[in-house]
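Residue numbers (the numbering used here): 2 to 167. Idealized CB from N, CA, C, for every residue including glycine. Predicted model, so just to flag it, every value in this text is computed and none were measured. Have a look at the structure below before the remarks.
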Amino acid sequence: MSPKASSTSPSSSAAGSDIAVTPAPVTLATRSYRPEDRDAVVALWTACGLVMPWNDPDADIARAAGGPASDILVGEVDGAVVATAMVGDEGHRGWVYYVAVDPERQGHGLGAAMMVATEAWHAARGVPKVMLLVRETNTRVVGFYEGLGYVQEPRVLLTKWLNPTP
Ligand SMILES: CC(C)(COP(=O)(O)OP(=O)(O)OC[C@H]1O[C@@H](n2cnc3c(N)ncnc32)[C@H](O)[C@@H]1OP(=O)(O)O)[C@@H](O)C(=O)NCCC(=O)NCCS
């Protein structure tokens, strides 16, 4: 039987918490990214298909990890990095990127537990609304977010690179 996240709130602070995943004896411990996580995190993002040619994962880590209004949350099971989520408060809304669970551990409630941690991170900062983008090549994950209470809103996304297009 698959273990499932049994809690909708972490047991301690937003970035560092233990989230019970039952019925199997699996605990997802979440905390902020540390430099020694680099290889495991990049490998996880690569395995999950989240590393795009125009996104340098090291540059993304350098900008977000431990920032004044951003962080990368890492989820561990038995000391191994198995999940991540990048969080950021841009002053109006909160954003979530790089939501990833080790492919061998997907479908066991760990992704939902990571989203609990991301929402707690934002809530602790008074962020009223969490936003995220799903690439149109990855719409199969929309149901995952909808199951957690996220809704699709009719918006047009406009972007502009401030550096030469990567
Ligand atoms: C998306 C992802 C993080 C989900 O993590 P996970 O650990 O597999 O998800 P969970 O086991 O916590 O699933 C939680 C719930 O969502 C459901 N769910 C999971 N993936 C789903 C999907 N693709 N469509 C519909 N529902 C889904 C589960 O069935 C479960 O529902 P339940 O509680 O009613 O049984 C994981 O599949 C992943 O890392 N994917 C690759 C990276 C990626 O695409 N990230 C998102 C970028 S926007």
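Compute the Euclidean distance between the alpha carbons of residue 35 and residue 165, then round it to the nearest angstrom.
Numbered from 1 along the sequence shown, position 34 holds the residue referred to as residue 35. Numbered from 1 along the sequence shown, position 164 holds the residue referred to as residue 165. Using only the alpha carbons, I get a separation of about 30 Å.
Does DSSP put residue 70 in a helix, a strand or coil?
Locating residue 70 in the sequence shown gives position 69, counting from the first residue. Of the three classes helix, strand and coil, the one that applies to residue 70 here is coil, per DSSP.
Just grab the DSSP bridge partners of residue 19 for me.
Within the sequence shown, residue 19 is the residue found at index 18, counting from 1. Paired residues: 30.
Can you tell me whether DSSP reads residue 111 as helix, strand or coil?
Numbered from 1 along the sequence shown, position 110 holds the residue referred to as residue 111. Helix, per DSSP.
Hey, out of 101, 105, 108, whose CA is closest to residue 119's CA?
One-based indexing of the sequence shown puts residue 119 at position 118. The shortest C-alpha separation from residue 119 is found at 101.
Taking the Cβ atom as the reference point for each residue, do residue 30 and residue 77 lie within a distance shorter than 7 Å?
Within the sequence shown, the letter at position 29 stands for residue 30. Within the sequence shown, the letter at position 76 stands for residue 77. Yes, Cβ-Cβ distance for residue 30 and residue 77 is below 7 Å.
Residues in its own chain within less than 8 Å of residue 91 by CB, not counting five upstream and five downstream?
Here residue 91 refers to the residue found at position 90 when the sequence shown is read from its first residue. Contacts found: 70.
Verify the contact flag: residue 42, CB atom, against every heavy atom of ligand 1, threshold strictly below 6 Å.
By 1-based counting over the sequence shown, the position of residue 42 is 41. No, Cβ of residue 42 sits at least 6 Å from all heavy atoms of ligand 1.
Taking buried to mean at least 16 other C-beta atoms within 10 Å of its own C-beta, is residue 140 buried or exposed?
Walking along the sequence shown from the start, residue 140 turns up at place 139. Exposed: under 16 other Cβ atoms inside 10 Å.
Just list the beta strand (DSSP E) runs in the stretch 84–161, keeping only unbroken ones of 3 residues or longer that don't cross its boundaries, in chain order.
95–102, 131–133
Please classify residue 52: does DSSP put it in a helix, a strand, or coil?
The residue you call residue 52 lines up with position 51 of the sequence shown. Coil.
Cβ-heavy atom distance between residue 56 and ligand 1 below 6 Å?
Position 55 of the sequence shown, counted from the start, is the residue given in the question as residue 56. Flag unset: Cβ of residue 56 not near ligand 1.
Could you check the C-alpha separation between residue 52 and residue 99 for me, to the nearest Å?
Translated into the one-based positions of the sequence shown, residue 52 becomes position 51. Translated into the one-based positions of the sequence shown, residue 99 becomes position 98. Each residue's Cα considered, the two are about 9 Å apart.
Quick check: what's the CA-CA separation for residue 134 versus residue 145?
Residue numbering aside, residue 134 sits at position 133 when the sequence shown is read from its first letter. Residue numbering aside, residue 145 sits at position 144 when the sequence shown is read from its first letter. Computed Cα separation, rounded: 13 Å.
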